[in-house]
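Trainee: My questions all concern the structure below.
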Amino acid sequence: MQDLKLPDIDYGALAPMLILLGAACLGVLFEALLPKARRHGFQLGLALLATVAALVTVIIERNTRIVTIGGAVAIDGPTLFLQGSILMLGLVSLLLIGERTVEAGGAFVSQAAVTVGSQKDLRQAGSQPGATEVYPLTIFSLGGMLLFVSANDLLTMFVALEVLSLPLYLLCALARRRRLLSQEAALKYFLLGSYASAFFLFGVALLYGYSGGVDLAAIHNAVADPNRSEVLLYAGLALVAIGLLFKSAAAPFHVWTPDVYQGAPTPITALMAACTKVAAFGALLRVLYVAFEGVRWDFQPVLGVIAILTMLIGAVLAVTQTDMKRLLAYSSIANAGYLLVGVLALNKEGLASTMFYLVAYGFSVLAAFGIVSLVRDAEGEATHLSRWAGLGRKSPLLAGVFSFILLAFAGIPLTSGFTSKFAVFGAAIDGGQTWLVIVGVITSMVLAFPYLRVIVMMWLQEPGESTPTVSIPGFLTSAALAIGVIATFALGVIPAPLLDLTNDAAQFVR
Amino acid sequence: MEQTVEYAHATGLLSGIWLLVAIPLASATVLLLLGKRADKWGHWLGVLAVAATFVLGLSMFLSLRGLEAEARSAQQSLWDFITVGGLKVDFGLLFDPLSGVFVLLITGVGSLIHLYAVGYMEHDPGRRKFFAYFNLFVAAMLLLVLGNNYVMLYFGWEGVGLASYLLISFWYTRPSAATAGKKAFLMNRVGDAGLAIGIFLMFATLGTTQYDGVFNGVSTLSGGTVLVMGILLLLGAAGKSGQFPLQAWLPDAMEGPTPVSALIHAATMVTAGVYLIARSHAIFTANETLQTVVVTVGAITLLMGCIIGAAKDDIKRVLAWSTVSQIGYMFLGVGLGGAAYALAIIHLLAHGFFKANMFLGAGSVMHGMHDQVDIRRFGGLSKYMKWTWLTFMTGWLAIIGIPPLSGFFSKEPIIVAAFEREGWTAWLYGLAALLGAGLTAFYMTRLFVLTFHGPKRWTEDIHEPHESPLIMTVPLMLLAVGSIAAGWLMSTSVPDWLEPVFRQEEAEATPVLAHWLLTTLSIVVTLLGAGLAWALFRNGTAEQEQPAGVLVRAARRNLYTDAFNEAVFERPGIYLTRALVYLDNRGIDGVVNGLAATVGGSSGRLRRLQSGFVRSYALSMLTGAVLVVGAFLAIQLGWLA
Chain D
303 MQDLKLPDID YGALAPMLIL LGAACLGVLF EALLPKARRH GFQLGLALLA
353 TVAALVTVII ERNTRIVTIG GAVAIDGPTL FLQGSILMLG LVSLLLIGER
403 TVEAGGAFVS QAAVTVGSQK DLRQAGSQPG ATEVYPLTIF SLGGMLLFVS
453 ANDLLTMFVA LEVLSLPLYL LCALARRRRL LSQEAALKYF LLGSYASAFF
503 LFGVALLYGY SGGVDLAAIH NAVADPNRSE VLLYAGLALV AIGLLFKSAA
553 APFHVWTPDV YQGAPTPITA LMAACTKVAA FGALLRVLYV AFEGVRWDFQ
603 PVLGVIAILT MLIGAVLAVT QTDMKRLLAY SSIANAGYLL VGVLALNKEG
653 LASTMFYLVA YGFSVLAAFG IVSLVRDAEG EATHLSRWAG LGRKSPLLAG
703 VFSFILLAFA GIPLTSGFTS KFAVFGAAID GGQTWLVIVG VITSMVLAFP
753 YLRVIVMMWL QEPGESTPTV SIPGFLTSAA LAIGVIATFA LGVIPAPLLD
803 LTNDAAQFVR
Chain E
1055 MEQTVEYAHA TGLLSGIWLL VAIPLASATV LLLLGKRADK WGHWLGVLAV
1105 AATFVLGLSM FLSLRGLEAE ARSAQQSLWD FITVGGLKVD FGLLFDPLSG
1155 VFVLLITGVG SLIHLYAVGY MEHDPGRRKF FAYFNLFVAA MLLLVLGNNY
1205 VMLYFGWEGV GLASYLLISF WYTRPSAATA GKKAFLMNRV GDAGLAIGIF
1255 LMFATLGTTQ YDGVFNGVST LSGGTVLVMG ILLLLGAAGK SGQFPLQAWL
1305 PDAMEGPTPV SALIHAATMV TAGVYLIARS HAIFTANETL QTVVVTVGAI
1355 TLLMGCIIGA AKDDIKRVLA WSTVSQIGYM FLGVGLGGAA YALAIIHLLA
1405 HGFFKANMFL GAGSVMHGMH DQVDIRRFGG LSKYMKWTWL TFMTGWLAII
1455 GIPPLSGFFS KEPIIVAAFE REGWTAWLYG LAALLGAGLT AFYMTRLFVL
1505 TFHGPKRWTE DIHEPHESPL IMTVPLMLLA VGSIAAGWLM STSVPDWLEP
1555 VFRQEEAEAT PVLAHWLLTT LSIVVTLLGA GLAWALFRNG TAEQEQPAGV
1605 LVRAARRNLY TDAFNEAVFE RPGIYLTRAL VYLDNRGIDG VVNGLAATVG
1655 GSSGRLRRLQ SGFVRSYALS MLTGAVLVVG AFLAIQLGWL A
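Right, here's the structure in full:
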């Protein structure tokens, strides 16, 4: 009998994930053991501390290039960069999640299980502080994301996908206001997410059949061998890609995005738009660049069509949206298209510019949703576009900041929106994907319309009777907004340091 | 023999060239930023800044004089201004004999006019702002003459244009001043565009815009390129200096305060065109056709200015047309080339003194006469404004060229030089210059006699015109000294001084008539013109405009040049704009609106697919998945390929 050989484990390299998942478990214990009144402070503190600690370990490990635990996890340049990005964006998201002064008790409901509309529900909507389970859930989700971008075999990737998704499904259902919409969004997200996971898993099975292994290096080696079933390869590749494109919100797998973004509590929408996007594209980059590099010319046209479709659908549908959160959701879909353009450059610049784009977009979108959470009336957030008319007269500072963020989304120079679009489009042209860039530029112009319309509404229209008041942001939201805006401006004016960093990091290990 | 241009590196005192630009600029900045807080003392800071610049400029001039003739230049590169691809432009300065005399003129005459303006603008609430703009002008003008490459020159060029625009429309509440400012701005744009394209051409053909690089490289260019480059530079020069065909803005620019007219639109800025051509002498002497074009422009302008000036009744406009005409003489000089370059510069400097003198004198008259500008309503002022009268007289005698005042030493040699051209062109340009001298004598005498002598024709509200305060008359006296003595002082020293710049051998050519004959002739013509005017206007003139012959009517309407501009440029421009607006509304907007409607419509239709039902979402995902898998397999199995 052969001795069972234990795989080597580099705990240092895995430390960020271990810290987050451990902190999440601790958070569950807090939830059970601490008195209710003190939970919020402890949980928020723990979550922030864990995120910062994980970020510090990522920075300490910045030069690690290793494949560990028997090939399940690869810690390399892209992994560390993306993990760092997820942690930084997650930190800002946590600030938004932790805000409790804008709305009494925070954006989350106290007991999600109470029937919507019942007496008990009305009572808890009024004053009871929100559930503190959101913090361990968020940390679990962030931990899953860290694993997702570092997973070096498809099964680990699948586990990570579920670890990051399940808490998100729950979080989506926890909105304090408009609970039915929130629960509907969560259910839709859960059903469609499971559906997409099934595709992913089926794809993994086919690829196992094709290559005899699930780790990316094995698939890479199998691709080089011509005597295998190509049907298995391409069907498997297609199905795995579908699972990842679902999370990235690429057309036609984007259908969940507007409903979920609109229904979820705004801080969770921000978390999904910023962090989940990084994780999804991180995994997509790794799978395509590491495992399927050998068939790049075959998947490029198909994914190119998907990118075009995504940009078109995101941009065109954004034009007629009347709800701010749905507008931002379609904008996020279009941005997924631009990210795909960067991915499909399939060169080192493509990898680097996509990573840059993810960070730049993440900060801007966090700031955008942070502002959405501030514009409110007695019913909660006033997200209908018509309610934003004349906001510039009533709160010029907030409207000015939001205009700046919208200009960044539109890709105006001196904002990160310009530098990041420039980077991915430049990489795509170098990679010979001019057709994608042409569509990208055209859809950017279309997309500028809804953004500018909001700016025009805010500044050039008289405030109406129904223009909501803007809440004074608490310290946490102010900090999140400041970080988002400063990052958007700084990456637009001096993008070079981050671009250099992404360039240095743009090398996968296999 | 091929001469190469080299500039020495700035050392010692000369390494502070940048201060010449920085001091007035700093003063302007302080005055603009401090706003009302500087109202009480701002004008004195303005005067002080220019006076300090003058002292500094003078000491630099003297230290340059202490050097060997061939080593008289100091170049200083402060920082890289523009570095893009092959284009490298220094923020560099050059102090050589040519820029040296300009620095003295600008800061010297500038100091006197600044001093005068303290009195002139005393009752104006915007005095501090006025001095800020005035300092800004001085800084820009000094940058213009001190730059060591064409881009620096262009920088200063636009700076003086800006200051000129701000100062012409200084009393912007008057519609006429605002319009005049706009007119100056627009006509200057035409010239500036020419200059800019000329500089582009230099970079395209020579790869540099540095003076030394350009001048040394001119000989490698084809004749056609040099011609085009020169014409473009000439266009710029004509725009800034109010030369034909871009002269129309200069007389209107007199809407600005009188010190502005004296400093910017008589003594300094309008001579920037002459500076440009003199500085670019390597380009202009390289092509004979080019020189002929310059001479022609100068001759046409000098006659035109005289003729129109003789028919005008506004004291400042007569002086303005006289400026146009005198700069025409300078263009004639720089166009003739050779030794005449130095002559043109002498005339420029002399003109700076006597024209500034007369403008300030006119301002003094207006100051005492309730801002009246119509010379038909003056008369007999010599008894009331002794100092103004005396100093104006020196200016008048100087400009018409009575020996031994400065105009005689500066203008007469240009007339002689015009007669030195070859063949029939000597007669053409020589006689034009001679005729100009007679006409100048006529209209300047008319101006002088109608203003200071003859019967009083004042408006009813004036009883006892008063002489201006000392702060205004002292600069007048100093300028009068300059008007008397400058020509004689400069007639031999300046050509020697400028020799290292122009490096022209003494002209061998002889005029078609003997030198002494020409001198006598020009004095006779001058006396004839002056005498005729004296005889005609000794007893005053009608107080209203009288019917007149064809020529006078044409001259009153600026020889129909404004009408020409309106018919040829303005109206077609307006029609073109209207046509473009129509095309924009109907054509381009139609396409854009159509596209927008298409996007909006398809957005509305696509939106219906987002039904909110999970089942339809799942179905669309499934369809997508089937298509994606199908596409992969199709490509791979060659069904599509």
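Protein chains in written order, with our numbering: chain D, 303 to 812; chain E, 1055 to 1695.
Heads up, the beta-carbon is just placed ideally off N, CA and C, and yes, glycines get one too.
Quick caveat: nothing in here was measured; it's all calculated off a predicted structure.
1. Is there a Cβ from chain E that is less than 8 Å from the Cβ of D:Thr622?
2. For E:Trp1441, which of helix, strand or coil comes out of DSSP?
3. Is it a yes or a no for the stretch 1164 to 1171 of chain E touching the stretch 1301 to 1316 of chain E, going by three-plus beta-carbon pairs under 8 Å?
4. Out of E:Gln1345, E:Met1114, E:Arg1610 and E:Glu1514, point me to the one whose CA is closest to E:Gly1066's CA.
5. Would you please state the rounded distance, in angstroms, between the beta carbons of E:Val1075 and E:Ala1193? I believe it to be under 8 Å.
6. Per DSSP, what kind of secondary structure is E:Gly1201 in: helix, strand or coil?
7. Across the stretch 1242 to 1250 of chain E and the stretch 1263 to 1279 of chain E, are there enough close Cβ pairs to call them in contact, namely three or more that are closer than 8 Å?
8. At 4 residues or longer, and completely inside the stretch 1272 to 1332 of chain E: list those alpha helix (DSSP H) runs for me, N to C.
9. Establish whether the CB of E:Val1683 and some CB of chain D are separated by less than 8 Å.
10. Among D:Tyr510, D:Ser675, D:Ile441 and D:Ala475, which residue has its Cα nearest to the Cα of D:Met390?
11. Comparing alpha-carbon positions, which option in E:Met1308, E:Val1388, E:Tyr1187 and E:Leu1390 lies nearest E:Ala1238?
12. Do the stretch 1058 to 1065 of chain E and the stretch 661 to 669 of chain D make contact, defined as three or more Cβ pairs closer than 8 Å?
13. Could you run through the stretch 1653 to 1674 of chain E and flag, in chain order, every residue whose CB is less than 7 Å away from some CB of chain D?
14. Along chain D, which residues have their Cβ under 8 Å away from the Cβ of E:Gly1644?
15. Classify E:Ala1495 as helix, strand or coil using the three-state DSSP reduction.
16. On a Cα-Cα basis, can you pick out the residue from D:Ile361, D:Ala355, D:Ala325 and D:Thr359 that is closest to D:Phe344?
17. Could you spell out where the alpha helix (DSSP H) holding E:Arg1669 opens and where it closes?
18. Under 8 Å between the Cβ atoms of E:Ser1657 and D:Val618?
19. What did DSSP end up calling E:Ile1136 once you bin it into helix, strand or coil?
20. Assign D:Gln430 to one of three DSSP states: helix, strand, or coil.
21. What are the boundary residues of the alpha helix (DSSP H) that E:Ala1539 is part of?
22. Would you report the Cα separation of D:Arg530 and E:Ala1688, rounded to the nearest angstrom?
23. With 8 Å as the threshold, decide whether the Cβ of D:Tyr313 is near any Cβ in chain E.
24. Between E:Ala1695 and chain D, is the shortest Cβ-Cβ distance under 8 Å, so that the two count as touching?
25. Among D:Ile757, D:Ser773 and D:Leu397, which residue has its Cα nearest to the Cα of D:Gly247?
26. With 9 Å as the limit, tell me which residues of the stretch 663 to 693 of chain D have their beta carbon closer than that to any beta carbon of chain E; keep them in chain order.
27. Assign E:Glu1056 to one of two classes, buried (16 or more other C-beta atoms within 10 Å of its C-beta) or exposed (fewer than that).
28. Would you check if the distance between the CB atom of E:Ser1386 and the CB atom of E:Gly1359 is smaller than 8 Å?
29. Looking only at DSSP bridge pairs, what is D:Ala258 linked to?
30. Between the beta-carbon of E:Pro1458 and the beta-carbon of E:Trp1551, is there less than 8 Å?
31. Just checking, does the stretch 1190 to 1204 of chain E make contact with the stretch 1140 to 1151 of chain E on the three C-beta pairs under 8 Å criterion?
32. So is the beta-carbon of E:Phe1254 under 7 Å away from any non-hydrogen atom of the ligand ATP?
33. In the DSSP assignment, what residue or residues form a beta bridge with D:Arg678?
34. To be precise: take each residue of the stretch 583 to 614 of chain D, compare its Cβ to all Cβ atoms of chain E, and keep it if any distance is under 8 Å. Which residues remain?
35. Using a Cβ cut-off of 8 Å, pull out every chain E residue sitting near D:Val758, in sequence order please.
36. If contact is defined by three or more beta carbon pairs under 8 Å, each pair taking one atom from either stretch, is the stretch 713 to 721 of chain D in contact with the stretch 792 to 802 of chain D?
Mentor: Here's the rundown:
1. Within the first sequence, the letter at position 320 stands for residue 622 of chain D. Taking Cβ atoms only, chain E reaches closer than 8 Å to D:Thr622, which makes this a yes.
2. Taking the first residue of the second sequence as position 1, residue 1441 of chain E is located at position 387. Helix.
3. yes
4. Translated into positions along the second sequence, residue 1066 of chain E becomes position 12. Cα-wise, what sits closest to E:Gly1066 is E:Met1114.
5. Indexing the second sequence from 1 puts residue 1075 of chain E at position 21. Indexing the second sequence from 1 puts residue 1193 of chain E at position 139. Correct: roughly 5 Å between the Cβ atoms.
6. Start at 1 with the first residue of the second sequence, and residue 1201 of chain E comes out as number 147. DSSP places E:Gly1201 in strand when its eight states are reduced to three.
7. no
8. 1277 to 1295, 1303 to 1306 and 1312 to 1316
9. For the purposes of this step, residue 1683 of chain E is identified with residue 629 of the second sequence, where counting begins at 1. Interface residue, yes.
10. Here residue 390 of chain D refers to the residue found at position 88 of the first sequence. Looking at the Cα atoms, D:Ile441 is the closest of the given residues.
11. Taking the second sequence and counting its residues from 1, the one referred to as residue 1238 of chain E is at position 184. For E:Ala1238, the nearest C-alpha among the options comes from E:Met1308.
12. no
13. Val1653, Gly1654, Ser1656, Ser1657, Gly1658, Leu1660, Arg1661, Gln1664, Gly1666, Val1668, Tyr1671, Ala1672 and Ser1674
14. The residue you call residue 1644 of chain E lines up with position 590 of the second sequence. Simply none; closest approach about 18 Å.
15. As a working note, residue 1495 of chain E is residue 441 in the second sequence. Three-state DSSP puts E:Ala1495 in a helix.
16. Position 42 of the first sequence, counted from the first residue, corresponds to residue 344 of chain D. Residue D:Ala325 is the option with its Cα nearest to D:Phe344.
17. Translated into the one-based positions of the second sequence, residue 1669 of chain E becomes position 615. Unbroken alpha helix (DSSP H) run through E:Arg1669: Val1668 to Leu1691.
18. Position 603 of the second sequence, counted from the first residue, corresponds to residue 1657 of chain E. Position 316 of the first sequence, counted from the first residue, corresponds to residue 618 of chain D. Going by C-beta atoms, E:Ser1657 is nearer than 8 Å to D:Val618.
19. In the second sequence, residue 1136 of chain E corresponds to position 82, counting from 1. Here E:Ile1136 sits in strand by DSSP.
20. Position 128 of the first sequence, counting from 1, holds the residue named residue 430 of chain D. If DSSP states are grouped into helix, strand and coil, D:Gln430 belongs with coil.
21. Residue mapping note: residue 1539 of chain E aligns to position 485 of the second sequence, counting from 1. Per DSSP, E:Ala1539 belongs to the alpha helix (DSSP H) from Leu1524 to Phe1556.
22. For this step, residue 530 of chain D is matched to residue 228 along the first sequence. For this step, residue 1688 of chain E is matched to residue 634 along the second sequence. Taking the straight line joining both Cα atoms gives about 17 Å.
23. Along the first sequence, read from residue 1 onward, the residue named residue 313 of chain D stands at position 11. No, no contact with chain E.
24. Counted from its first residue, the second sequence places residue 1695 of chain E at position 641. Unreliable placement is indicated for E:Ala1695, whose pLDDT of 49 sits below 50; the coordinate value is still reported in the next sentence. By this cut-off, E:Ala1695 is not an interface position.
25. For residue 247 of chain D there is no data in the structure shown, the boundaries of chain D being 303 and 812.
26. none
27. Here residue 1056 of chain E refers to the residue found at position 2 of the second sequence. Any reading at E:Glu1056 is ruled out, since the residue's pLDDT is 46, under 50, leaving its predicted position unreliable.
28. Taking the second sequence and counting its residues from 1, one reaches residue 1386 of chain E at position 332. Taking the second sequence and counting its residues from 1, one reaches residue 1359 of chain E at position 305. Per the sequence presented here, residue 1386 of chain E reads as Leu, with Ser not at that position. No, these two residues do not count as a Cβ contact at 8 Å.
29. The requested residue 258 of chain D does not occur in the structure, where chain D is confined to residues 303 to 812.
30. Here residue 1458 of chain E refers to the residue found at position 404 when the second sequence is read from its first residue. Here residue 1551 of chain E refers to the residue found at position 497 when the second sequence is read from its first residue. Cβ distance not < 8 Å, so E:Pro1458 and E:Trp1551 don't count as in contact.
31. yes
32. You won't find the ligand ATP in this model; it holds no ligand whatsoever.
33. What you label residue 678 of chain D is simply residue 376 of the first sequence in a count that begins at 1. DSSP lists D:Glu683 and D:Thr771 as partners of D:Arg678.
34. Asp600, Phe601, Pro603, Val604, Val607 and Ile608
35. Position 456 of the first sequence, counting from 1, holds the residue named residue 758 of chain D. The premise fails here: D:Val758 is roughly 14 Å from chain E at the closest Cβ pair, so nothing lies under 8 Å.
36. yes
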